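Q:
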Amino acid sequence: MSLAAGLFLCYDHDPVMRCIPCPACVLAFVAITVLALGEDPTTPIVPSAPSSTPSAIVIGFVGGFVKHDDRVHSTIQVTERLRQRFPAGVYVQAFENHRREEAYREILRRLDLDHDGTLSAEEKRAARIILFGHSWGASETVTLARKLEKDGIPVLLTIQVDSIAKIGQNDAVIPGNVGQAVNFYQPDGILHSRHEIRAADPAHTEIVGNFEFDYRAHPIKCDRYPWFDRFIVKSHTEIECDPKVWNQVESLIDSKLSPKAGQRDDQLKESCAECGIPRSVASEK
Numbered sequence: 002m003s004l005a006a007g008l009f010l011c012y013d014h015d016p017v018m019r020c021i022p023c024p025a026c027v028l029a030f031v032a033i034t035v036l037a038l039g040e041d042p043t044t045p046i047v048p049s050a051p052s053s054t055p056s057a058i059v060i061g062f063v064g065g066f067v068k069h070d071d072r073v074h075s076t077i078q079v080t081e082r083l084r085q086r087f088p089a090g091v092y093v094q095a096f097e098n099h100r101r102e103e104a105y106r107e108i109l110r111r112l113d114l115d116h117d118g119t120l121s122a123e124e125k126r127a128a129r130i131i132l133f134g135h136s137w138g139a140s141e142t143v144t145l146a147r148k149l150e151k152d153g154i155p156v157l158l159t160i161q162v163d164s165i166a167k168i169g170q171n172d173a174v175i176p177g178n179v180g181q182a183v184n185f186y187q188p189d190g191i192l193h194s195r196h197e198i199r200a201a202d203p204a205h206t207e208i209v210g211n212f213e214f215d216y217r218a219h220p221i222k223c224d225r226y227p228w229f230d231r232f233i234v235k236s237h238t239e240i241e242c243d244p245k246v247w248n249q250v251e252s253l254i255d256s257k258l259s260p261k262a263g264q265r266d267d268q269l270k271e272s273c274a275e276c277g278i279p280r281s282v283a284s285e286k
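Numbers given in our numbering equal positions in the sequence shown, counted from 1, plus 1.
1. Exposed or buried, which one is Thr80 when buried takes at least 16 other CB atoms within 10 Å?
2. Short of 7 Å in beta carbon distance, which residues of its chain neighbour Ala283, apart from the five on each side in sequence? Order them along the chain.
3. Fully enclosed by the region 124-155, which alpha helix (DSSP H) runs are 4 residues long or longer?
4. On a Cα-Cα basis, can you pick out the residue from Phe87, Gly153, Phe96 and Cys242 that is closest to His219?
5. So, Ile208 versus Ile175, is the Cβ gap smaller than 8 Å?
6. Work out the CA separation of Ala122 and Ser136 for me, nearest whole Å.
7. With DSSP run on the structure shown, which of helix, strand or coil describes Val91?
8. For Glu207, which beta-bridge partners are listed by DSSP?
9. Three or more beta-carbon pairs under 8 Å between the region 94-102 and the region 127-145, yes or no?
10. Based on DSSP bridge pairs, tell me the residues matched to Phe229.
11. Going by the beta-carbon positions, is the gap between Leu83 and Leu158 smaller than 8 Å?
12. Quick test of your reading: Leu149 and Ile60, contact by CB under 8 Å. State the CB separation rounded to the nearest angstrom.
13. I'd like to confirm the pairing. Which residues does DSSP put opposite Phe346 in its beta bridges?
14. Across which residues does DSSP place Tyr216 in a beta bridge pair?
15. Tell me, please, which residues DSSP counts as bridged to Arg199.
16. Between the Cα of Thr144 and the Cα atoms of Glu102, Tyr226 and Thr119, which residue gives the shortest distance?
17. Skipping 5 residues on each side, what residues in its chain have a beta carbon closer than 8 Å to that of Ala182?
18. Give every residue of the same chain whose Cβ lies closer than 7 Å to the Cβ of Ser236, excluding the five residues on either side of it in the sequence, and list them in chain order.
Right under this line is the structure:
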């Protein structure tokens, strides 16, 4: 996403760039550029104390300029419900999409069970990490997984919802440390998200699916969202507030947190039985 000439808001989606008139772009340029390029040095989220025993870690990244505690948005709602269902043994936290480094440090801190400041091979193998997000937050999901790959830390599952790649980020290729990955998207409006993800190493990463949701035929009311979201980026907002999508996200996460480890992969596939239209089918419409 970029600002062109201060007068048009442009969304770069292969093979063409689409632009819309946007008189307010000049005022938004600095803020959007800061978020698209890097981290924000404002007050950090205060982390809770890590457990002395290995636990699952679930990180959700919100999109756009959304705050980590804005309960209107589905990412925050999912994290809150997960905390209620898993009050012990699972760390669940939502982060703004410009706080990837903070989320990364928190993951390392929680994996460091002996508190010696470094991660042993055993501590890395014990990692049970799930990453998900919407829009820019989905792009950060893949970027964080790739950063963990460099440290030799595995990720159980990544979930992208209408992923919009930030400048310098690649949200299309899932790194080889990820066990399974799922992508939900919608094809309409001025914001065109990632329609297809693929595995960097198919031998180690399963792409569960790329699932399309069509809101032209089945519109969703997002009355609690700001007017800009509801009218200017309507389809992008509809998938963000669609309970069907986020129930699937939640079910996918639940499948990995199930105590019956041997059934997890089957549960994950079953949980997507009612997902949107698979990419291979949607492309034929």
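Glycine is no exception: its CB is placed at the ideal position from the N, C-alpha and C atoms.
Quick caveat: nothing in here was measured; it's all calculated off a predicted structure.
A: Quick look at the numbers:
1. Start at 1 with the first residue of the sequence shown, and residue 80 comes out as number 79. By the neighbour-count rule (16 or more Cβ atoms within 10 Å), Thr80 is buried.
2. Counted from its first residue, the sequence shown places residue 283 at position 282. Summary for Ala283: the model assigns pLDDT 45, below 50, so the residue's position carries little reliability, and this model does not support an answer.
3. Taking only runs of at least 4 residues, the alpha helix (DSSP H) segments lying wholly in the region 124-155 are 137-151.
4. As a first step, residue 219 is located in the sequence shown; it is residue number 218 there, counting from the start. The shortest CA-to-CA distance from His219 to any of Phe87, Gly153, Phe96 and Cys242 is the one to Cys242.
5. As a first step, residue 208 is located in the sequence shown; it is residue number 207 there, counting from the start. As a first step, residue 175 is located in the sequence shown; it is residue number 174 there, counting from the start. Their beta carbons are under 8 Å apart, which means Ile208 touches Ile175 by this criterion.
6. Here residue 136 corresponds to residue number 135 of the sequence shown, with the count starting at 1. Here residue 122 corresponds to residue number 121 of the sequence shown, with the count starting at 1. Distance from the CA atom of Ser136 to the CA atom of Ala122, rounded to whole angstroms, is 33 Å.
7. Along the sequence shown, one-based indexing puts residue 91 at 90. The answer is strand: DSSP assigns Val91 an E or B state.
8. The sequence position of residue 207 within the sequence shown is 206, counting from 1. According to DSSP, which records beta bridges pairwise, Glu207 is partnered with Gln181.
9. Contact holds: three or more Cβ-Cβ distances are below 8 Å.
10. Taking the sequence shown and counting its residues from 1, the one referred to as residue 229 is at position 228. For Phe229, which the question treats as bridged, DSSP gives no partner whatsoever.
11. If you number the sequence shown from 1, residue 83 lands on position 82. If you number the sequence shown from 1, residue 158 lands on position 157. Their beta carbons are not under 8 Å apart, which means Leu83 does not touch Leu158 by this criterion.
12. The sequence position of residue 149 within the sequence shown is 148, counting from 1. The sequence position of residue 60 within the sequence shown is 59, counting from 1. Going by Cβ atoms, the distance from Leu149 to Ile60 rounds to 10 Å, so no, they are not a contact pair.
13. Given that the chain is displayed from residue 2 to residue 286, the structure contains no residue 346 and the question cannot be resolved.
14. In the sequence shown, residue 216 corresponds to position 215, counting from 1. In the DSSP output, where bridge partners are listed per residue, Tyr216 has none listed.
15. Your numbering for residue 199 matches position 198 in the sequence shown. DSSP lists Val174 as the beta-bridge partner residues of Arg199.
16. Numbered from its first residue, the sequence shown carries residue 144 at position 143. Taking the Cα of Thr144 as reference, the smallest distance to any Cα among Glu102, Tyr226 and Thr119 is reached at Glu102.
17. Sequence index remark: in the sequence shown, residue 182 carries index 181 (1-based). Here Ala182 has Leu158, Thr159, Ile160, Gln161, Ile175, Ile198, Ala200, Thr206, Glu207, Ile208 and Val209 as same chain residues with Cβ atoms under 8 Å from its own Cβ, once five neighbours each way along the sequence are excluded.
18. Your numbering for residue 236 matches position 235 in the sequence shown. The answer, listed in chain order, is Gln187, Asp189, Gly190 and Tyr216.
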